[in-house]
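Residue numbers (the numbering used here): 1066 to 1519.
Backbone N, C-alpha and C define an ideal beta-carbon position, used for all residues, glycine too.
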């Protein structure tokens, strides 16, 4: 059993969807398909509910959304009629929910998750219908109805893997045995209390891994419209090459620290059962893409890739005896977590805790932390306009000379390094620089470890 996940850009127009059909049609192994919303739809819906609208605005909005999806249906009259009926049911529900939000001028996390799950509910109908028009026996299924059970956290849910295996696995196997190709909605599941919960932005990749776990898949294929992991962002290093093989740990670090080809949480369900993940390009279906395994192939060049986060800030909390005050770091971490502020990295000294956070979270973090000042907490210091660079490769931390080469080439390009984090991961070093030096730093490191062939 193979899981094949297709991203939103793969579903953006008729031409791309035909390529998706081609990929599915030529795959002979038993398979289950997982889909994102059509490109831009989830963001569009999410943006629409940020403000309240008149009945006419809601009606026109839903009409445009309907037009977009109807254009993607196949020319087969009978199949299109059936699909249109199913789509209309979803559009009617969406319209009702949007009216409710505007009438009450309130949107709860529960309602928000239900509304933004509509993109996948629509795209799954479209793809299943197109596959049927190609002569394939396919049906669409909603992941909440299928039994993708979560912990109930709205906006950033985590799947209950064992419960998913118990509830979803048998259903998928039964469908496959009956010759059905299931097209399943990604991005969301259902709480134990019966409420839709989403996995967060880009969460369909994670959904694919959860489904792979539930079905004990032979492989999880993540299909995009770009190549897999690269040695660097091609916009930063034009000679960047595809990374053919990575370990789970390498992929997780790269995804967390800037590589946008994979959701950071995707690797963990797959790791539980040692299921390989393939990140592949629907425009290059004959390419194997980037393969993610338990252990990637050892190679002469330890460094696999260099990634980055651009909009980062450093916030330093100073306090006498911060290094040995029991609970100092815990109190700060808990306060930030309660405010939904992600800490990318933290370092401590005897007098300071330094944290890397999103630049957009600085004001919120300052407001929270200033309330904690007093006693051991003395002052805050914020540095914005910085970038975080992450160098990744198995054996990076244990191989002599790698860090020296990285920082030597950075210094040679007259770039100052502020914070360095090493040791927390055996496959990565992280450090911060001034944002204006980002491109030349990426290029310098890439040229050092991946020199152009003469």
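Straight-line Cα distance separating residue 1079 from residue 1167:
Cα to Cα, the separation comes out at about 33 angstroms.
Answer with buried or exposed for residue 1224, where buried requires no fewer than 16 other C-beta atoms within 10 angstroms of its C-beta.
Classification for residue 1224: buried.
Suppose you measure from the CA of residue 1430 to the CA of residue 1217; what does that come to, to the nearest Å?
C-alpha separation (whole angstroms): 26 angstroms.
Which of helix, strand or coil DSSP assigns to residue 1131
DSSP places residue 1131 in helix when its eight states are reduced to three.
Considering Cα atoms alone, identify which of 1272, 1069, 1315 and 1107 is closest to residue 1028.
Residue 1028 lies beyond the stretch modelled for the chain, which goes from 1066 to 1519, so this question has no answer here.
For residue 1465, the first and last residue of its enclosing alpha helix (DSSP H):
Neither: residue 1465 is in no alpha helix (DSSP H) and is coded neither H nor E.
Using DSSP with H/G/I as helix, E/B as strand and the rest coil, what is residue 1209?
It is helical.
Cutting at 7 angstroms between CB atoms, please list the residues of its own chain near residue 1330, excluding the five before and the five after it.
The residues are 1271.
Own chain partners of residue 1245 with C-beta closer than 8 angstroms, once the 5 adjacent residues on each side are dropped
Beyond the five residues adjoining it in sequence on each side, residue 1245 comes within less than 8 angstroms, by CB distance, of 1202, 1203 and 1204 in the same chain, given in chain order.
Count the other CB atoms within 10 Å of the CB of residue 1279; is the residue buried (16 or more) or exposed (fewer)?
So residue 1279 counts as buried.
DSSP on residue 1101, reduced to helix/strand/coil?
It is coil, neither helix nor strand.
Assumed close pair residue 1100, residue 1185 - CB separation to whole angstroms, cut-off 8 angstroms:
Their Cβ separation, rounded to whole angstroms, is 6 angstroms, which keeps residue 1100 and residue 1185 in contact under 8 angstroms.
Just to confirm, is the Cβ distance from residue 1215 to residue 1262 under 8 angstroms?
Contact flag set, yes.
Rounded C-alpha distance that separates residue 1187 from residue 1134:
Between residue 1187 and residue 1134, the alpha-carbon positions lie close to 8 angstroms from each other.
Identity of the residue in 1138, 1108, 1118 and 1095 nearest residue 1082 by Cα:
Nearest option by C-alpha distance: 1138.
Does the distance from the C-beta atom of residue 1418 to that of residue 1397 stay below 8 angstroms?
Inclusion of residue 1418 and residue 1397 in the CB contact set at 8 angstroms is warranted, their separation being smaller than that value.
For residue 1373 versus residue 1493, is the C-beta distance shorter than 8 angstroms?
Contact flag unset, no.
For residue 1415, which of helix, strand or coil comes out of DSSP?
In the structure shown, residue 1415 adopts coil according to DSSP, grouped into three states.
Short Cβ contact (8 angstroms threshold) for residue 1470 with residue 1302
No. Outside cutoff.
Please report how far the alpha carbon of residue 1073 lies from the alpha carbon of residue 1105, in whole angstroms.
Rounded to the nearest angstrom, the two C-alpha atoms are 7 angstroms apart.
From the DSSP output, in three-state form, read off residue 1257 for me.
In the three-state reduction of the DSSP assignment, residue 1257 falls in the coil class.
Option in 1123, 1236 and 1497 with minimal Cα separation from residue 1378
Closest in alpha carbon position to residue 1378, among 1123, 1236 and 1497, is 1497.
Out of 1066, 1518 and 1077, state which residue places its alpha-carbon closest to the alpha-carbon of residue 1305.
The shortest Cα separation from residue 1305 among 1066, 1518 and 1077 belongs to 1518.
Near residue 1427, what residues of its chain come up, given a Cβ to Cβ distance below 8 angstroms and the 5 sequence neighbours on each side ignored?
So the qualifying residues of the chain are 1378, 1380, 1447 and 1449.
Between which two residues does the alpha helix (DSSP H) containing residue 1198 stretch?
From DSSP, the alpha helix (DSSP H) with residue 1198 extends over 1183-1198.
Among the residues of its own chain, which have a CB less than 6 angstroms from the CB of residue 1177, if the five just before and after it don't count?
Cβ neighbours of residue 1177 beyond the five flanking positions: none.
Under a Cβ-count criterion, where at least 16 other Cβ atoms within 10 Å of its own Cβ denotes burial, should residue 1466 be classed as buried or exposed?
Using a 10 angstroms sphere on the CB of residue 1466, the tally of other CB atoms stays under 16, which defines it as exposed.
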